[in-house]
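Data first, discussion second: the structure below is written as structure tokens.
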Amino acid sequence: MDIEVLRRVGRQYYRPGDRVLRQPGPAEVADLLDELCRPDEDPEWWNHGVVGRSDANDGVEFMVAPLTGYVALSWTGNGQRSLNPNPFADAPLLPVSGDDDPMLYWPRSAYLPPAEAKKALAEHIVTGAQPTGVQWQPWGFEVRQLPGWLKPDMPEYSGFHLITD
Numbered sequence: 009m010d011i012e013v014l015r016r017v018g019r020q021y022y023r024p025g026d027r028v029l030r031q032p033g034p035a036e037v038a039d040l041l042d043e044l045c046r047p048d049e050d051p052e053w054w055n056h057g058v059v060g061r062s063d064a065n066d067g068v069e070f071m072v073a074p075l076t077g078y079v080a081l082s083w084t085g086n087g088q089r090s091l092n093p094n095p096f097a098d099a100p101l102l103p104v105s106g107d108d109d110p111m112l113y114w115p116r117s118a119y120l121p122p123a124e125a126k127k128a129l130a131e132h133i134v135t136g137a138q139p140t141g142v143q144w145q146p147w148g149f150e151v152r153q154l155p156g157w158l159k160p161d162m163p164e165y166s167g168f169h170l171i172t173d
């Protein structure tokens, strides 16, 4: 099985085909997971990528918080976010993209301890399926204001959560 990494990891950006590990062994997978889940000391840089098996339709999107190293996951098949039943008090607000207006943030309840996130990513690499070792919550974002295009009768409405703190 081959593993592909997409988007930003460290100071590199990977497009399809740029970073493929061909038939990696356990040590290579462990090194990859360490790299993917490594936080950056610069609060302006964080790993935000997708890892998946080349033979799987879906992968796991990940966001690594700089400084703390907390890792949020999203299953690309249905957009579900990881769920930490005991969210970190210092979980960051990291934007999905700097291009959104208003800014969309990953839910703070999605951040997991790095070891737990690595286990989930490893599970996906082995099975090609959505990891079962973590809890999942419906797709969604935290926002300071609702987007102008969003109306209460739209199915997406329930996925936007106003930040009140």
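Last residue of the sequence shown: number 173 in my numbering, and the count goes up by one each step with no gaps.
Built from N, CA and C at the ideal position, the CB exists for glycine as well.
Going by alpha carbons, who is nearest to glycine 60 out of Gln138, Gly156, Pro160 and Ile171? Gln138
Sort out for me which residues DSSP pairs methionine 103 with in a bridge. The residue you asked about is not methionine; residue 103 is proline in the sequence shown. Answer is Tyr113.
Just to confirm my understanding: we take glutamate 131, look at its own chain, exclude 5 residues before and 5 after, and list those with CB closer than 6 Å. What are they? Pro139 and Gly141
Assuming contact is defined by CB atoms lying nearer than 9 Å, are asparagine 55 and phenylalanine 70 in contact in what I supplied? yes
Pick helix, strand or coil for glutamine 60, following the three-state DSSP scheme. Residue 60 is actually glycine in this sequence, not glutamine. Strand.
For alanine 73, collect the residues of the same chain with a Cβ closer than 7 Å to its Cβ; drop the 5 residues on either side in sequence, then sort them by chain order. Pro47, Trp54, Pro100, Leu102 and Tyr119
Using three-state DSSP, classify alanine 97 as helix, strand or coil. coil
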